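Counting with the numbering used here, you get residues 271 to 417 for the letters of the sequence shown.
Below is one structure, written out as structure tokens; comments come after it.
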Amino acid sequence: YSLRYKDAGAGVNEPERETRLFRFFCSMAAYNESAVYYVYDDVSGVRQLQFASPELDIHYENNDSEGKVEAINVTGFQTDDQLVNSAYDDATKTISSLNKWRGVGDASSAGTYLFRNGNFSLVQYDVDASYDGEINPQTVVDYNTAP
Numbered sequence: 271y272s273l274r275y276k277d278a279g280a281g282v283n284e285p286e287r288e289t290r291l292f293r294f295f296c297s298m299a300a301y302n303e304s305a306v307y308y309v310y311d312d313v314s315g316v317r318q319l320q321f322a323s324p325e326l327d328i329h330y331e332n333n334d335s336e337g338k339v340e341a342i343n344v345t346g347f348q349t350d351d352q353l354v355n356s357a358y359d360d361a362t363k364t365i366s367s368l369n370k371w372r373g374v375g376d377a378s379s380a381g382t383y384l385f386r387n388g389n390f391s392l393v394q395y396d397v398d399a400s401y402d403g404e405i406n407p408q409t410v411v412d413y414n415t416a417p
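Right, dumping it as structure tokens:
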């Protein structure tokens with residue numbers, strides 16, 4: 271993909287910059303596949319993207335992971351060099367991922383990474399920590415919605 275943009279401080283008459291985005295398949299299991307992403311631009315050359323994701327502290331009723339979710343706390347952030355079940359959407363300039371915690375997809379985590387100013391940033395992270403047969407994620411990181 272070719273992503274065109276202007277630097278944050280660029281003047282009106284300055285030309286657009288271009289970053290090229292490449293996705294490479296890595297591995298596949300029963301219901302998840304992983305991929306790495308690389309970008310190329312004329313300043314930094316080729317580099318592998320790293321994706322922020324929250325570290326989670328999940329509390330279940332009676333400490334039973336099959337029970338009701340009492341709380342999902344973000345305790346920090348880490349970086350991942352691969353994304354699971356990911357895709358790039360050129361219309362929204364986002365990469366999305368969906369990591370199924372089991373095959374039916376009723377427990378999962380999903381991230382949305384927006385391209386702006388030459389980089390991809392985490393703007394939303396949703397978690398469905400309930401193994402209840404339903405898809406009902408909670409947003410735990412939201413930089414995608416206005417306050």
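Just so you know, even glycine gets a beta-carbon here, dropped at the ideal spot from N, CA and C.
Computed from a predicted structure; not experimentally measured.
Apart from sequence neighbours up to five positions away, the residues of its chain that approach aspartate 327 with a beta-carbon distance below 7 Å are Asn343, Thr345, ordered along the chain. Relative to the Cα of serine 304, the nearest Cα in the group Ser366, Arg386, Val313 belongs to Ser366. Around the beta carbon of serine 391, fewer than 16 other beta carbons lie within 10 angstroms, which makes this residue exposed.
One alpha carbon belongs to alanine 278, the other to aspartate 402, and they sit about 44 Å apart.
Under the three-state reduction of DSSP, asparagine 387 is assigned to coil, being neither helix nor strand. For arginine 290 against serine 272, the beta-carbon gap comes to about 6 Å, under 8 Å, which counts as contact. Within a 10 Å sphere around the beta-carbon of glycine 337 sit fewer than 16 other beta-carbons, which makes this residue exposed.
One Cα belongs to cysteine 296, the other to glutamate 284, and the distance between them is close to 38 Å. Here DSSP, grouped into helix, strand and coil, assigns glutamate 286 to coil. The three-state secondary structure of glutamate 303, taken from DSSP, is strand. Per DSSP, the continuous beta strand (DSSP E) segment holding glutamate 340 begins and ends at 339-350.
With respect to threonine 364, threonine 382 sits close: the two C-beta atoms are nearer than 8 Å. Glutamine 394 sits away from aspartate 351, with the two beta carbons spaced by 8 Å or more. Glutamate 331 is positioned such that its CB atom lies no closer than 8 Å to that of aspartate 376.
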